[in-house]
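The structure appears right after this line, and notes come after that.
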Amino acid sequence: MRAAVQRVTKASVKVEGKCVGEIARGLLVLLGVHEEDDASDADYIVKKLSGLRVFEDEAGRMNLACGDIGGQMLVVSQFTLYGDARHGNRPSFTEAALPEKAIPLYEYVVERLRERFFVATGVFGADMAVELINDGPVTILLDSKKLF
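Now the structure itself:
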């Protein structure tokens with residue numbers, strides 16, 4: 000499972016021009032599910048997102064997690080995180096999980112995060128428009144297989 004995580008002052012996602020999810024200060028999480036992922040991969044991502052210390056403390060150091068600042072999360076499905084463009088210019092998405100597998104794992108991550116945070120979401124599989132103000136900018140990549 001992969002996540003591109005951005006520290007934001009605000010973020011929203013629209014489907015067909017209608018806002019379906021919106022947050023104030025917190026994390027925008029673009030989440031991709033691999034065809035071989037299972038609940039342990041989802042648990043890893045939830046643990047990392049919950050404890051990721053990317054918010055500044057009183058000394059100006061990135062030392063606080065989202066929960067420490069009362070932050071929110073916007074989680075948006077993003078199968079293109081598994082796009083492989085090493086060969087040619089057109090990415091291959093064969094490693095991305097099909098919806099039958101990806102949806103339950105995506106929903107599992109969202110449910111687990113909602114135990115601790117306000118979490119908004121996009122619509123799985125929809126054509127979405129994501130707007131954000133990246134704070135910093137701070138962008139962190141996570142991978143449950145620890146490939147990076």
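Numbering (numbering that gives the first Met the number 0), first residue to last: 0 to 147. In this text, a Cβ means the ideal position worked out from N, Cα and C, and glycines have one as well.
Contact between Arg-6 and Gly-124 fails: their C-beta atoms lie close to 26 Å from each other, not under 8 Å. In this structure Ala-101 is in contact with Val-32, their Cβ atoms being roughly 4 Å apart against a cut-off of 8 Å. Counted as a single uninterrupted DSSP element, the alpha helix (DSSP H) harbouring Pro-103 occupies residues 98–113. Secondary structure of Asp-40 (DSSP, three-state): helix.
Straight across, the Cα-Cα distance linking Val-53 with Gly-25 is about 10 Å. Assignment of Asp-142 by DSSP, reduced to helix, strand and coil, places it in the strand class.
Assigned with DSSP and collapsed to three states, Leu-51 falls in coil, not helix or strand.
If you draw a straight line from the Cα of Asp-126 to the Cα of Val-74, it is about 15 Å long. Between Ser-11 and Glu-130 the beta-carbon gap is near 5 Å, inside 8 Å, which marks them as a contact. Of the residues assessed, Arg-60 falls on the exposed side of the cut-off, its CB having fewer than 16 other CB atoms within 10 angstroms. In terms of Cβ geometry, Ala-96 and Ile-44 do not form a close pair [threshold 7 Å].
Classified as exposed, Gly-87 has fewer than 16 neighbouring CB atoms from the shown chains inside 10 Å of its CB.
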